[in-house]
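Residue numbers (the working numbering): 16 to 137.
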């Protein structure tokens with residue numbers, strides 16, 4: 016089984032899975048929204064993470080009417096929030112280690128600072 020980040024899918028396979036034209040995937044790459052891996056022969060290879068990201072892009076553009084510039088901003092903000100959540104988790108772990116040396120113990124629960132929810136009108 017392949018890892019979530021391992022590039023294994025050709026552009027034609029991804030286009031078929033997502034029911035989009037391969038040119039759409041090329042456009043997303045030109046816009047900097049996705050960065051597929053490349054073979055030695057320069058063929059694009061997409062990971063499952065790339066496919067999930069493209070699904071999010073499609074939901075934002077098709078269902079919510081966000082243009083690609085808006086999608087870029089949303090993805091960049093999401094990446095920043097992910098980084099900050101990771102840093103907060105590391106700080107919580109450090110704090111727990113410090114508190115372990117204290118007589119009174121408390122448990123800190125990680126809570127995501129955001130959640131992406133997309134509603135679809137029917």
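Quick reminder that beta carbons are idealized off the backbone N, C-alpha and C, glycines included. Note that the structure is a prediction, hence the values are computed from the model and not measured.
TODO: Figure out for me which residue from 69, 107, 20 and 102 has the closest Cα to the Cα of residue 52.
DONE: Reading the chain shown from its first residue, position 37 is the one you call residue 52. Per the Cα distances, 20.
Task: Buried or exposed (CB count within 10 angstroms, at least 16 for buried), residue 24 - done: The sequence position of residue 24 within the chain shown is 9, counting from 1. Per the 10 Å Cβ criterion, buried.
- [ ] Pull up the CB-CB distance for residue 140 and residue 86, whole angstroms please, since I reckon it's below 8 Å.
- [x] There is simply no residue 140 to check, as the chain begins at 16 and stops at 137 in what is shown.
Task: Rounded separation between residue 38 and residue 31 - CA only - done: Counting from one through the chain shown, the residue named residue 38 turns up at place 23. Counting from one through the chain shown, the residue named residue 31 turns up at place 16. Cα-Cα distance, rounded: 12 Å.
TODO: Below 7 Å CB to CB, which residues in the same chain sit around residue 63 once its five sequence neighbours on both sides are set aside?
DONE: In the chain shown, counting from the first residue as 1, residue 63 sits at position 48. Only 19 meet the Cβ criterion.
Open item on the list: Whole angstroms are fine: how far does the CA of residue 114 sit from the CA of residue 80?
Closed with: Position 65 of the chain shown holds residue 80. Position 99 of the chain shown holds residue 114. For residue 80 and residue 114, the distance between alpha carbons rounds to 48 Å.
TODO: Taking residue 65 as the reference, give the member of 41, 77 and 84 with the closest Cα.
DONE: Your numbering for residue 65 matches position 50 in the chain shown. Minimum Cα distance to residue 65 is reached at 41.
- [ ] Please report the residue range of the beta strand (DSSP E) in which residue 41 lies.
- [x] Mapped onto the chain shown, residue 41 falls at position 26. Residue 41 -> not in any beta strand (DSSP E); alpha helix (DSSP H) instead, spanning 37-45.
TODO: Within 10 angstroms of the Cβ of residue 45, are there 16 or more other Cβ atoms? Answer buried if so, exposed if not.
DONE: What you label residue 45 is simply residue 30 of the chain shown in a count that begins at 1. Under this definition residue 45 is an exposed residue.
Open item on the list: Going by DSSP in three states, residue 79 sits in which element: helix, strand or coil?
Closed with: Indexing the chain shown from 1 puts residue 79 at position 64. Coil, per DSSP.
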